[in-house]
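Have a look at the structure below, then the notes.
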Amino acid sequence: MASIRVELFINNQDVPGRSYLVVKDPGRLSDRVGELAQADGSQVDEAVRAAHRAFHTWRDTPLPQRVALLQAAAALLDAQASTVAELMALESGMLIATCRQEVHTAAHIVRDNAGMAIDFLTPQVIEDDTSWVGIEKRPMGVVAGIVSWNAPVVLTMRKLAPALACGNTIVIKPSPSAALGLSLLLRRFAALFPSGVINVVHGDADVGTALTTHPLVRKVSFTGGGKVASAIMRNAAETMKNVQFELGGNDPAIVLDDADPDEVMPRIAQAAFRRAGQFCFAIKRVYLPASRYDLFFDRLRAEVDRLQVGHPLDKRANMGPMNNRAQWQFVKDLVQRTRDAGTEVLELGEVLDAEDWSQGYYLRPMLVRHPEPNADIVLVEQFGPVLPVVAYRHESEAIRMANQTELGLGSSVWSRDRERALAVARQLESGMGFINQAAASRLGQRHMPFGGVKQSGIGRESSEVGMAEYVEYQAINYSK
Ligand code: NAD
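Going left to right, the sequence shown walks through residues 18 to 497 as the working numbering numbers them.
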């Protein structure tokens with residue numbers, strides 16, 4: 018694929034950057050994928066002002082028209098999925114099939130939001146003999162959407178679709194590690210809408226700071242890590258912006274002793290090693306009953322050993338590289354510390370192409386046998402293909418260990434007994450609980466408020482609860 022250059026996108030026009038970032042393929046570092054324009058503070062200001070001007074007409078655009086445009090945009094995403102998947106795979110390290118699927122999932126998200134907007138935005142009226150009370154939902158203004166790299170289109174659409182449906186305009190800042198494909202999609206997407214409704218700026222912390230301190234930005238919706246979220250919260254405080262955070266997780270999977278190893282272990286392996294473990298609600302630690310530990314562990318090991326690690330465009334691969342050097346090094350150091358403490362780490366799977374291996378951020382899938390329950394490998398979000406497997410003696414002990422971190426995004430319970438599993442799930446400190454699976458079904462994607470408790474976030478995305486993040490309530494009381 019020829020190297021491409023992607024510019025900033027402000028007021029429905031390409032705007033050259035002040036400088037350009039060279040994007041390389043994390044699966045073959047000798048290959049240059051493209052160049053990404055980098056904005057400075059004045060260009061961020063230009064983008065926010067364009068969004069602010071557009072807000073005044075977009076909020077008055079009749080709701081059925083806004084909904085129809087979002088429906089058209091969802092169809093465009095579906096139509097573009099195959100075209101953009103290769104570029105997304107090359108820049109991010111995600112497998113090409115995963116990228117294609119991601120764009121279709123993003124289209125579903127846009128449709129879900131378009132579908133619920135009319136009911137959600139219908140004003141509520143309450144009346145008695147003395148007064149009339151109207152509760153109406155108004156857009157907030159300019160939203161800044163800042164996203165991470167590990168599901169760039171889905172994470173962006175979870176913000177953009179409800180924001181636009183409710184009448185807000187938006188400035189998106191993608192992650193520099195997965196911006197090219199997303200930006201090309203956003204250009205086509207934005208062309209369907211009036212100028213300035215969707216704007217895209219590129220850069221890292223400097224551009225993020227310019228956005229989150231801009232006085233005309235009313236809301237910051239952020240997906241990424243906790244450290245950056247704290248900085249955003251401090252920056253946003255100055256002008257009292259509304260913030261919403263979707264942050265990291267360290268999701269526990271508790272396997273109860275009645276579970277069937279052949280049924281649950283393949284699903285747990287899939288939920289832990291998909292995207293090489295680089296997604297927020299991946300299973301990041303497993304708790305097995307001590308009485309059946311070896312049986313479950315061996316079944317999991319067999320499953321993980323079937324993974325084939327290779328370049329994102331290699332159709333044989335079912336696990337790709339890490340997205341970036343910092344994360345790759347972080348996981349390697351974590352594994353080294355685990356080994357230094359005398360804990361066994363099994364390196365599994367198959368390396369598809371040894372030549373690529375030395376040229377990319379590759380790791381084999383790894384299982385950690387019997388780590389100390391309080392070891393870093395258990396308590397820290399690894400965000401990579403290494404899974405600690407801890408033994409527990411009683412269910413209450415498993416619940417206590419699962420709840421001992423400051424993260425609380427998702428959790429899962431695995432059992433043949435629905436009531437028993439539900440009883441455990443209700444005691445886990447997480448925003449989302451899964452039973453006998455670790456990803457939402459289509460029904461779940463539409464209706465589950467997505468997000469975490471404790472330091473995994475503030476607020477929720479998806480469903481009507483997620484849409485409520487993009488409105489201000491105005492209550493009017495008329496005296497009869
Ligand atoms: P990150 O926090 O390093 O970066 C996220 C985004 O913030 C990027 O676009 C980055 O350029 C930008 N940024 C960096 N400094 C900034 C600043 N000072 N002000 C404003 N923006 C700034 O995270 P990452 O490495 O891209 O993503 C990995 C993390 O994201 C993991 O912890 C993962 O669990 C989490 N995540 C959470 C969810 C969720 O929905 N809960 C989804 C995906 C990823």
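For every residue, glycine included, the Cβ atom is placed at its ideal position computed from N, Cα and C.
Can you find the residues in the same chain that come closer than 6 Å, C-beta to C-beta, to residue i, ignoring five residues on each side of it along the sequence?
| i | result |
| --- | --- |
| Pro156 | Arg76, Cys183, Gly184, Asn185 |
| Leu445 | Ala419, Ser428 |
| Val170 | Glu119, Val120, Ala123, Leu199 |
| Ala307 | Ala408, Arg410 |
| Gly474 | Phe262, Glu263, Leu264, Gly468 |
| Glu423 | Lys471, Gln472 |
Comparing C-alpha positions only, which one of the options sits nearest to residue i?
| i | options | result |
| --- | --- | --- |
| Ser479 | Pro388, Ala67, Asn130 | Asn130 |
| Ser496 | His219, Leu104, Ile143, Lys190 | Ile143 |
| Val65 | Glu389, Arg49, Val217 | Val217 |
| Arg235 | Gln491, Tyr487, Ser194 | Tyr487 |
| Met465 | Val482, Ala455, Leu94, Lys471 | Val482 |
| Ser59 | Leu25, Leu38, Ala85 | Leu25 |
| Arg302 | Lys176, Val326, Ala392, Ile249 | Ala392 |
| Leu369 | Pro329, Gln295, Gln346, Pro388 | Pro329 |
| Ile452 | Tyr379, Gln399, Pro269, Glu361 | Pro269 |
| Gln421 | Ala134, Asp279, Ile21, Pro390 | Pro390 |
| Ile21 | Gln30, Ile27, Ala54 | Ala54 |
| Asp62 | Ala106, Leu404, Pro232, Ala91 | Pro232 |
| Asn341 | Glu108, Gly51, Ala98 | Glu108 |
| Thr229 | Ser432, Gln295, Ala253, Gln346 | Ala253 |
| Ala222 | Val395, Ala56, Ile126 | Ala56 |
| Phe400 | Glu489, Ala288, His219, Leu305 | Ala288 |
| Ala92 | Gly359, Ala286, Val127 | Val127 |
| Trp374 | Leu46, Tyr37, Arg35, Arg417 | Leu46 |
Taking the DSSP output, what are the residues bridged to residue i?
| i | result |
| --- | --- |
| Ala270 | Val303, Ser429 |
| Thr3 | No answer is possible for residue 3: it lies beyond the span of the chain, which begins at 18 and ends at 497. |
| Val39 | Glu52 |
| Tyr409 | Pro306 |
| Glu144 | Trp149 |
| Phe467 | Glu478 |
| Leu541 | Given a span of 18 to 497 for the chain in the structure shown, any question on residue 541 remains unanswerable. |
Who are the near neighbours of residue i in its chain, counting only those whose CB is closer than 8 Å to its CB and skipping five residues on each side?
| i | result |
| --- | --- |
| Val101 | Cys116, Val120, Gly198, Leu201, Leu202 |
| Leu365 | Arg318, Val321, Asp322, Leu324, Arg381, Pro382, Met383, Leu384 |
| Thr78 | Gly184, Pro211 |
| Val214 | Ala68, Ala71, Trp75, Leu181, Thr186, Ile187, Ala207 |
| Arg443 | Gly450 |
| Arg435 | Ile452 |
| Arg316 | Pro278, Asp279, Met282 |
What is the residue span of the alpha helix (DSSP H) that residue i lies within?
| i | result |
| --- | --- |
| Leu93 | 80-109 |
| Val171 | 169-182 |
| Met484 | 480-484 |
| Glu436 | 435-442 |
What are the boundary residues of the beta strand (DSSP E) that includes residue i?
| i | result |
| --- | --- |
| Arg155 | 148-156 |
| Ser496 | 488-496 |
| Val188 | 186-190 |
| Gly461 | Premise fails: Gly461 lies in the alpha helix (DSSP H), 459-464, not in any beta strand (DSSP E). |
| Glu361 | 361-364 |
| Ala161 | 159-163 |
| Leu25 | 25-27 |
| Met449 | 449-452 |
Can you list, in chain order, the residues of its chain whose CB lies under 7 Å from that of residue i, leaving out five sequence neighbours each side?
| i | result |
| --- | --- |
| Leu312 | Pro278 |
| Gly243 | Leu264, Gly265, Gln472 |
Flag residue i as yes if its beta-carbon sits less than 8 Å from any beta-carbon of chain C, otherwise no.
| i | result |
| --- | --- |
| Arg251 | Of the protein chains in this structure there is only one, and it is not chain C. |
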